[in-house]
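In full-length UniProt numbering, each residue carries its 1-based index in the sequence shown increased by 308.
C-beta atoms are modelled at their ideal positions from N, C-alpha and C, and glycine is treated no differently.
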Amino acid sequence: LMQLSVPLNFIGFVYREIRQAVTDIEQMFGLLDMKQEVTDAPGAPPLAITNGTVRFEDVHFAYDANRQILKGVSFEVPAGKTVAIVGPSGAGKSTISRLLFRFYDVQKGRVTVDGQDVREITQESLRAAIGMVPQDTVLFNDTIAYNIRYGRPDASAEEVERAAEQAQISGFITRLPEGFDSMVGERGLKLSGGEKQRVAIARTILKAPPLLILDEATSALDTQTEQSIQASLDEVSRGRTTIVIAHRLSTVIKADQIIVLRDGTIAERGTHAELMDENGLYASMWMRQREATEAEERLRRAREAA
Ligand code: ATP
Numbered sequence: 309l310m311q312l313s314v315p316l317n318f319i320g321f322v323y324r325e326i327r328q329a330v331t332d333i334e335q336m337f338g339l340l341d342m343k344q345e346v347t348d349a350p351g352a353p354p355l356a357i358t359n360g361t362v363r364f365e366d367v368h369f370a371y372d373a374n375r376q377i378l379k380g381v382s383f384e385v386p387a388g389k390t391v392a393i394v395g396p397s398g399a400g401k402s403t404i405s406r407l408l409f410r411f412y413d414v415q416k417g418r419v420t421v422d423g424q425d426v427r428e429i430t431q432e433s434l435r436a437a438i439g440m441v442p443q444d445t446v447l448f449n450d451t452i453a454y455n456i457r458y459g460r461p462d463a464s465a466e467e468v469e470r471a472a473e474q475a476q477i478s479g480f481i482t483r484l485p486e487g488f489d490s491m492v493g494e495r496g497l498k499l500s501g502g503e504k505q506r507v508a509i510a511r512t513i514l515k516a517p518p519l520l521i522l523d524e525a526t527s528a529l530d531t532q533t534e535q536s537i538q539a540s541l542d543e544v545s546r547g548r549t550t551i552v553i554a555h556r557l558s559t560v561i562k563a564d565q566i567i568v569l570r571d572g573t574i575a576e577r578g579t580h581a582e583l584m585d586e587n588g589l590y591a592s593m594w595m596r597q598r599e600a601t602e603a604e605e606r607l608r609r610a611r612e613a614a
């Protein structure tokens with residue numbers, strides 16, 4: 309009997325191991341199911357841009373079923389206009405840009421570009437139509453010219469230089485020993501946050517997309533850098549449908565409309581002046597941020613004086 313029970317135990321052990329493995333695989337597939345793959349609809353046509361109007365219609369979205377991030381968000385960015393999205397950290401501002409790119413599908417409602425649901429056109433054509441100036445640009449370990457030309461690989465050297473001028477970075481580049489052929493990135497010249505952002509702006513100017521997302525840097529740049537970057541951003545967003553994801557409030561004053569997100573819904577909307585008059589969430593965020601900026605400035609001046 310002893311001789312038989314050992315192999316039986318062993319078989320039991322193997323059986324449990326296999327059972328466990330199957331469960332793991334089931335769980336794995338379950339997870340894959342949950343993270344719905346975003347794929348092109350069969351026979352989806354490319355996006356046909358007419359003037360570049362973006363609409364969010366009653367958009368509901370959650371990354372995880374148990375936590376709703378957007379609960380019925382509707383707004384329009386008319387062609388060529390700028391809408392800024394503000395709100396407390398974690399309110400879902402960046403999520404809105406991910407839904408426009410269709411990195412995720414909405415659970416209810418729809419996102420359209422010129423009346424076309426983003427789920428019914430090819431992802432490639434959608435993404436080709438959107439330019440993004442991210443918070444933090446990752447540079448390739450290559451020349452600065454390569455990094456700018458990435459926006460449109462067939463651009464000529466003159467076009468690359470013109471884009472750099474418009475992004476107000478050509479002065480900096482021409483002062484480098486090897487100019488546009490200087491190596492940048494982790495293994496080359498390290499650029500400052502502001503310089504990297506200008507490279508991203510130059511890229512976007514070359515790409516010349518009809519739609520633009522500006523993801524404002526969370527980390528504060530010094531006031532002067534911020535003002536000159538703002539001038540370059542104004543340049544690139546002129547005449548383009550633009551969504552500004554505003555983590556700070558200094559850049560939103562000129563937006564055609566400001567949308568204040570809170571708890572997954574739009575709490576307020578209007579121009580800067582209208583929202584200040586309303587004296588609600590936006591106005592209080594604005595006051596708080598101005599006090600913080602003034603405190604920082606005082607601290608900086610005190611340090612300089614010491
Ligand atoms: P901030 O101003 O801090 O950048 P935000 O308003 O841009 O915030 P989002 O990045 O849109 O916020 O995130 C909204 C919420 O969704 C946050 O609570 C965040 O933790 C959560 N979230 C973001 N990305 C994911 C993800 N891939 N999976 C699960 N949850 C996520």
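query: Starting from V446, follow the beta strand (DSSP E) in both directions and report where the run begins and ends.; result: Where V446 is concerned, there is no enclosing beta strand (DSSP E), given that its DSSP letter is neither H nor E.
query: Under the three-state reduction of DSSP, which class applies to L484: helix, strand or coil?; result: coil
query: Expressed to the nearest angstrom, what Euclidean distance is found between the alpha-carbon atoms of H580 and N359?; result: 26 Å
query: Answer with buried or exposed for Y590, where buried requires no fewer than 16 other C-beta atoms within 10 angstroms of its C-beta.; result: buried
query: Could you tell me the alpha carbon to alpha carbon distance between P485 and M491, rounded to whole angstroms?; result: 11 Å
query: Under DSSP, the beta strand (DSSP E) around E576 begins and ends at which residues?; result: T573 to G578
query: Opposite M440 in the DSSP bridges: which residues?; result: I521
query: Quick check: is any heavy atom of the ligand ATP less than 8 Å from the C-beta of K379?; result: no
query: Alpha carbon to alpha carbon, what distance is there between T550 and R406?; result: 14 Å
query: Check whether the segment 350 to 370 and the segment 439 to 447 touch, using three or more Cβ-Cβ pairs below 8 Å as the test.; result: no
query: By alpha-carbon positions, which one of E503, L408 and V414 ends up nearest to A373?; result: V414
query: Are the beta-carbon atoms belonging to A392 and A554 less than 9 Å from one another?; result: yes
query: From the DSSP secondary-structure annotation, give me the bridge partner or partners of D462.; result: The partner list for D462 (beta bridge, DSSP) is empty, contrary to what the question assumes.
query: So is F411 buried or exposed if we call it buried at 16+ other beta carbons inside 10 Å?; result: exposed
query: By Cβ distance below 7 Å, which residues in the same chain neighbour I477 in space, the five residues on each side in sequence not counted?; result: E503, R506, V507 and A510
query: Near F383, what residues of its chain come up, given a Cβ to Cβ distance below 8 Å and the 5 sequence neighbours on each side ignored?; result: R363, F364, V391, Q565, I567, I574 and R577
query: Under 8 Å from any heavy atom of the ligand ATP, does the C-beta of T573 make it?; result: no
query: In the DSSP assignment, find the unbroken alpha helix (DSSP H) run with T403 in it and report its ends.; result: K401 to L408
query: Run through the DSSP bridge pairs and tell me what A370 is partnered with.; result: Q376
query: Helix, strand or coil: how does DSSP classify T512 here?; result: helix
query: Given this structure, state the Cα-to-Cα distance separating G459 from I429, to the nearest angstrom.; result: 22 Å
query: Please work out which residues of its chain come closer than 6 Å, Cβ to Cβ, to M595, disregarding the five sequence neighbours upstream and downstream, and give them in chain order.; result: none
query: Output needed for G547: all residues of its chain with C-beta closer than 7 Å, excluding positions within five of it in sequence on either side, in chain order.; result: G388
query: Looking at the structure shown, is I357 part of a helix, part of a strand, or coil, going by DSSP?; result: coil
query: Quick one: grab the DSSP three-state call for residue 260.; result: The first residue shown for the chain is 309 and the last is 614, placing residue 260 beyond what the model contains.
query: Look at the alpha carbon of G588 and the alpha carbon of P396, and state the distance between them as a whole number of angstroms.; result: 14 Å
query: Using alpha carbons as the reference points, say which of S540, I481, D542 and L520 lies closest to V385.; result: L520
query: Consult DSSP for S382 and reduce its assignment to one of helix, strand or coil.; result: strand
query: Where DSSP assigns a beta bridge to F364, which residues make up the other side?; result: F383 and V419
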